[in-house]
Amino acid sequence: MRYLVFLFFFFLLRPIYGQVETKHESRNDANFNMFPNKCLGVWEGQMYIYVQNVLRDSVAVRFTAAASDSVGVYIWKTEYLSENEPIIKDYKLRVDDLSKGRYLLDEGNGIGIIEFNYGDKLYSAFQTENIYLTSTTELRGEKLIFEVSSGRIINPDDEVISYSFDHLQRVELTRTQTR
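Here it is, written out as structure tokens:
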């Protein structure tokens, strides 16, 4: 259960977006084609939570992405629309090194996750408390697909270390509003 809660909160770390003009960039600006700018807006969908390939839970999610007053900083608000435990989280996605496609997802509490952009997809991989996590956010047509997986080392004594995929959260979001 602890891992489900951890994964549930991890989803809040992810940037999600919709395509619109922002107050910082126009459609004529070369920066408009940056991944975050292509995806600003309000998105909604159902997150499914799997444990060892078995669906364990689901929750409705609303994600709002907007430009901030600072250039290169985006505001991300995730709302978990659970009747029992509704949660709202606000994070910031900061351009870290655009030439390398690198962003920093800032939780606001001193924790930052490095994200790498290739095409219309963000990737991250990291380890915390002996748990290895991968996450992706992909803009595919009019859908925004977010996945995060977690697992542990399977073979610690081998030259090539493998990790399990014990938990998966997946949400396919549809844009409901533009910003």
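If you're matching positions, the sequence shown starts at 1129 in our numbering and goes up one per residue. We treat Cβ as the ideally placed atom computed from N, Cα and C, and that holds for glycine.
Reference residue i; option with closest CA among the options
i, options, result
"Ile-1239", "Asn-1245, Ser-1227 and Lys-1220", "Lys-1220"
"Val-1297", "Tyr-1260, Val-1288 and Leu-1183", "It is Gln, not Val, that sits at residue 1297 in the sequence shown. Cα-wise, what sits closest to Gln-1297 is Leu-1183."
"Ser-1196", "Asp-1294, Ile-1242, Phe-1254 and Asp-1218", "Asp-1218"
"Ile-1259", "Ser-1198, Trp-1204, Asp-1294 and Thr-1265", "Asp-1294"
"Thr-1264", "Gln-1255, Leu-1250 and Phe-1254", "Leu-1250"
"Leu-1261", "Ser-1290, Gly-1236, Glu-1270 and Val-1187", "Ser-1290"
"Asn-1212", "Thr-1256, Val-1187, Lys-1205 and Arg-1230", "Val-1187"
"Asn-1181", "Tyr-1202, Asn-1161 and Ser-1277", "Ser-1277"
Beta-carbon proximity check, residue i vs residue j, cutoff 7 Å
i, j, result
"Gly-1200", "Val-1179", "no"
"Trp-1171", "Arg-1307", "no"
"Glu-1243", "Ser-1252", "yes"
Buried versus exposed call for residue i [16 or more other C-beta atoms within 10 Å across all chains shown]
i, result
"Leu-1272", "buried"
"Tyr-1246", "exposed"
"Val-1288", "exposed"
Beta-carbon proximity list for residue i, same chain, < 8 Å, skipping 5 on both sides
i, result
"Pro-1214", "Glu-1207 and Tyr-1208"
"Thr-1150", "Any reading at Thr-1150 needs caution, since the residue's pLDDT is 36, under 50, leaving its predicted position unreliable; the model's value is listed next. Result list for Thr-1150: Asn-1165, Leu-1168, Ala-1194, Ala-1195 and Arg-1307, in chain order."
Nonlocal neighbours in the same chain, by C-beta distance under 6 Å from residue i, ignoring five residues either side
i, result
"Val-1299", "Gly-1173, Met-1175, Val-1189 and Phe-1274"
"Ser-1198", "none"
"Arg-1268", "none"
Contact test: residue i Cβ vs the ligand ADP heavy atom, cutoff 6 Å
i, result
"Leu-1233", "Looking at this structure, you won't find the ligand ADP or any other ligand, since it has none at all."
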